[in-house]
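Q: Oh and the sequence shown: position 77 is 77 in UniProt numbering, straight run, nothing missing. Backbone N, C-alpha and C fix where the C-beta goes; we use that ideal spot for every residue, glycine too.
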Amino acid sequence: MRILGVDPGLQTMGWGVIEVDGSRLRHVANGHCTSETGTALGLRLMGLHRQLTDLLVSHAPDTAAIEQTFVNRDGAGTLKLGQARGVALLALAQSGVEVGEYAPNTVKKTVVGVGHADKRQVEHMVKMQLPGAVPAGADAADALAIALCHAFHLQGARAMARARA
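Pasting the structure below:
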């Protein structure tokens, strides 16, 4: 199964693709979708949508996961992040993939073991769990962590379904 993880952002949207085969995990690709600061918000969002749509076509994921928006002190920043997340959700929905949504602390707890891990710890654990992966930056590492979180949650759900059957 191929999983796309998305770390939404208006300026930089991280993405990461992993392959899951039973309990085996393999890094496929990662990177960033970027928008040009200083241009109109609508154009920035359209650019992110186009880039993510292109990724969905080229990597053909079976499922995807995205980080939930958290509210911070900067209301305007939170709103812009939510708009970027909305564009990502739209692109994912248009591609027909099912999407898992995870809170930042859930991703960190699942991948690192600590819900308040810092970005260095997340990147370190991503590299440990995906040997050979070289994240293109913190946002790409976060996206790979989101994909890993989704893989672990899907594996747990399958195990529960087998146990119930």
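1. Please report the distance separating the alpha-carbon of Phe152 from that of Thr110.
2. Taking three-plus beta-carbon pairs below 8 Å as touching, is the region 127-138 in contact with the region 38-55?
3. Quick check on Arg44: buried or exposed, where buried means 16 or more other Cβ atoms within 10 Å of its Cβ?
4. Just to confirm, are His32 and Asp139 a CB contact at a threshold of 8 Å?
5. For Leu144, tell me which candidate among Gly86, Val112, Ser95 and Gln83 has the shortest Cα-Cα distance.
6. The alpha helix (DSSP H) with Gly77 in it runs from where to where?
7. Alpha carbon to alpha carbon, how far is Glu101 from Phe70? Give it in angstroms, no decimals.
8. If the criterion is Cβ atoms closer than 8 Å, does the pair Ile66 and Ala93 meet it?
9. Under the assumption that Gly5 contacts Ala147 (Cβ atoms under 8 Å), give the Cβ distance between them as a whole number of angstroms.
10. Tell me where the alpha helix (DSSP H) around His49 begins and ends.
11. Report the residue from Ala141, Cys149, Ala165 and Lys80 whose alpha carbon sits nearest the alpha carbon of Val99.
12. Report the CB separation of His59 from Val28 in whole angstroms; it is logged as a contact under 8 Å.
13. Are the beta-carbon atoms belonging to Gly47 and Asn30 less than 8 Å from one another?
14. Among residues of its own chain, excluding the 5 on either side of His116, which ones have a beta-carbon nearer than 8 Å to its beta-carbon?
A: On the basis of the data shown:
1. One-based indexing of the sequence shown puts residue 152 at position 152. One-based indexing of the sequence shown puts residue 110 at position 110. Answer to the nearest angstrom: the Cα atoms are 8 Å apart.
2. Contact between the region 127-138 and the region 38-55 is absent, with fewer than three C-beta pairs closer than 8 Å.
3. Mapped onto the sequence shown, residue 44 falls at position 44. The residue in question, Arg44, is buried, as its Cβ has 16 or more Cβ neighbours within 10 Å.
4. Mapped onto the sequence shown, residue 32 falls at position 32. Mapped onto the sequence shown, residue 139 falls at position 139. It is a contact, given that the beta carbons lie within the stated cut-off.
5. Here residue 144 refers to the residue found at position 144 when the sequence shown is read from its first residue. Residue Val112 is the option with its Cα nearest to Leu144.
6. For the purposes of this step, residue 77 is taken as residue 77 along the sequence shown, with counting starting at 1. Membership of Gly77 in the alpha helix (DSSP H) is indicated by the continuous run Gly75 to Ser95.
7. Within the sequence shown, the letter at position 70 stands for residue 70. Within the sequence shown, the letter at position 101 stands for residue 101. Cα to Cα, the separation comes out at about 12 Å.
8. Within the sequence shown, the letter at position 66 stands for residue 66. Within the sequence shown, the letter at position 93 stands for residue 93. Cβ distance not < 8 Å, so Ile66 and Ala93 don't count as in contact.
9. Mapped onto the sequence shown, residue 5 falls at position 5. Mapped onto the sequence shown, residue 147 falls at position 147. Confirmed, Cβ separation roughly 3 Å.
10. Taking the sequence shown and counting its residues from 1, the one referred to as residue 49 is at position 49. That run of the alpha helix (DSSP H) goes Leu41 to His59.
11. Taking the first residue of the sequence shown as position 1, residue 99 is located at position 99. Nearest of Ala141, Cys149, Ala165 and Lys80 to Val99, Cα basis: Cys149.
12. Indexing the sequence shown from 1 puts residue 59 at position 59. Indexing the sequence shown from 1 puts residue 28 at position 28. Correct: roughly 7 Å between the Cβ atoms.
13. For this step, residue 47 is matched to residue 47 along the sequence shown. For this step, residue 30 is matched to residue 30 along the sequence shown. No, the Cβ-Cβ distance between Gly47 and Asn30 is not below 8 Å.
14. As a working note, residue 116 is residue 116 in the sequence shown. So the qualifying residues of the chain are Asn105 and Lys108.
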